[in-house]
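Just so you know, the working numbering puts 1168 at position 78 of the sequence shown, and the rest follows in order with no gaps.
By construction, the Cβ of each residue, glycine as well, lies at the ideal position given by its N, Cα and C atoms.
Report on one structure; see the data block that follows.
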Amino acid sequence: MTNPLIQILDRHPEYTRLRDAMVNGEGPAGVFGLGESHKGHIAAALSTGRAVLLVAPNEVAAVKLHDDIACYDIPCAHFPTREIPLSGKGFAARDSIEERRVAVLSALAAGKTMTVVTCIQALMQRTVAPEIIKNSLHSYDAGQTIEPRDMVSELVMAGYERVDVCEAPGQVCLRGGYVDVYPIAAENPVRIEFFGDEIDTLRIYDPLTQRSVDNVDHIDVPPATEMPITDEARARALKLLKKRKAEELA
1091 MTNPLIQILD
1101 RHPEYTRLRD
1111 AMVNGEGPAG
1121 VFGLGESHKG
1131 HIAAALSTGR
1141 AVLLVAPNEV
1151 AAVKLHDDIA
1161 CYDIPCAHFP
1171 TREIPLSGKG
1181 FAARDSIEER
1191 RVAVLSALAA
1201 GKTMTVVTCI
1211 QALMQRTVAP
1221 EIIKNSLHSY
1231 DAGQTIEPRD
1241 MVSELVMAGY
1251 ERVDVCEAPG
1261 QVCLRGGYVD
1271 VYPIAAENPV
1281 RIEFFGDEID
1291 TLRIYDPLTQ
1301 RSVDNVDHID
1311 VPPATEMPIT
1321 DEARARALKL
1331 LKKRKAEELA
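Next comes the structure, spelled out in structure tokens:
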């Protein structure tokens, strides 16, 4: 059901002309003289039921616009600017900004209709091709046949960190007859129990108490990094390592 605050705009001919121009692809259109709160209102109305990219002048403005649109219950996500490390130490093993960027890229790769709010700087930062993200999306169902070690291997290739205990998003562990995985952007991890090489059950559990929260038949696991390892990249890396090793022995 459309938000009543959005339905109000349908009474204004200026808004309906703008909306119809966008829907019909009639070219660039400008809206001037809006207050800050009205920008979010208009953007939310124009975003209803369609995929929209909104570009703000800076990160602060993007966050505010996202928060304003979210108040209207519109499927909306903020695509943040990737931070550039200046110390030479590189990025942290698990970065919340990367998690949010990956969550947005994964949702788009999966075909989700949503409004993405970003800024000019974030939009100019290069990322991987959509096909790479799409190929790193993994889904698991009860009754599916897959070796536990193969599951862990493909998740590690997708950027998940293999650990002894799964405690944070982006981690996976193999213990006996089950695999624990904590999907990026998920509230809780999932325990995947096997009967041989067949998935028997999938249980969402609390990482602190280890108690089950819910049983599910299906989970989607997006990649845990913006740059997952592909078969092509792995082949190039192995070739380079062999070349360097040969040069060292020569």
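Option nearest residue i by Cα separation, candidates the options
i, options, result
"Glu1126", "Ala1327, Leu1155, Phe1169, His1308", "Leu1155"
"Asn1225", "Gln1234, Gly1249, Glu1237", "Gly1249"
"Thr1320", "Ile1222, Ala1276, Ile1309", "Ile1222"
"Gly1266", "Tyr1272, Pro1279, Asn1278, Asp1287", "Asp1287"
"Asp1231", "Ile1132, Asp1157, Glu1149, Ile1289", "Ile1289"
"Val1196", "Glu1173, Ser1229, Gln1215", "One detail in the question is off: residue 1196 reads as Ser in this sequence, not Val. Comparing Cα positions, the closest option is Ser1229."
"His1168", "Ile1309, Leu1339, Val1206", "Val1206"
"Gln1234", "Thr1217, His1308, Thr1171", "His1308"
Cutoff 6 Å; reference residue i; Cβ partners in own chain excluding five residues on either side
i, result
"Met1241", "Val1269"
"Arg1293", "Arg1281, Ser1302, Asn1305"
"Leu1143", "Val1206"
Presumed contact (8 Å Cβ cut-off) between residue i and residue j, rounded CB distance
i, j, result
"Ala1152", "Thr1208", "6 Å"
"Ala1141", "Thr1203", "5 Å"
"Val1303", "Asp1296", "6 Å"
Classification of residue i by the beta-carbon crowding that lies within 10 angstroms, buried from 16 upward
i, result
"Val1194", "buried"
"Phe1284", "buried"
"Gly1130", "buried"
"Ile1098", "exposed"
"Leu1198", "buried"
"Phe1122", "exposed"
"Ser1186", "exposed"
"Val1262", "buried"
"Ala1183", "In this predicted model, Ala1183 has a pLDDT of only 43, less than 50, meaning its place in the structure is not dependable enough to derive any value."
"Val1113", "exposed"
Residues near residue i in its chain [Cβ-Cβ closer than 7 Å; skip 5 each side]
i, result
"Ile1274", "Glu1189, Val1192, Ala1193, Pro1259, Gly1260, Pro1312, Ala1314"
"Pro1147", "Cys1209, Ile1210"
"Leu1213", "Val1145"
"Asn1093", "Tyr1162, Asp1163"
"Asp1254", "Cys1263"
"Leu1176", "Residue confidence for Leu1176 is low, a pLDDT of 47 falling below 50, so the modelled location carries little weight; the figure read from the coordinates is stated next. Answer for Leu1176: no residue qualifies."
Counterpart residues of residue i in DSSP-defined beta bridges
i, result
"Val1280", "Val1271, Ile1294"
"Ser1229", "Asp1310"
"Ala1146", "Cys1209"
"Asn1305", "Arg1293"
"Leu1264", "Val1269"
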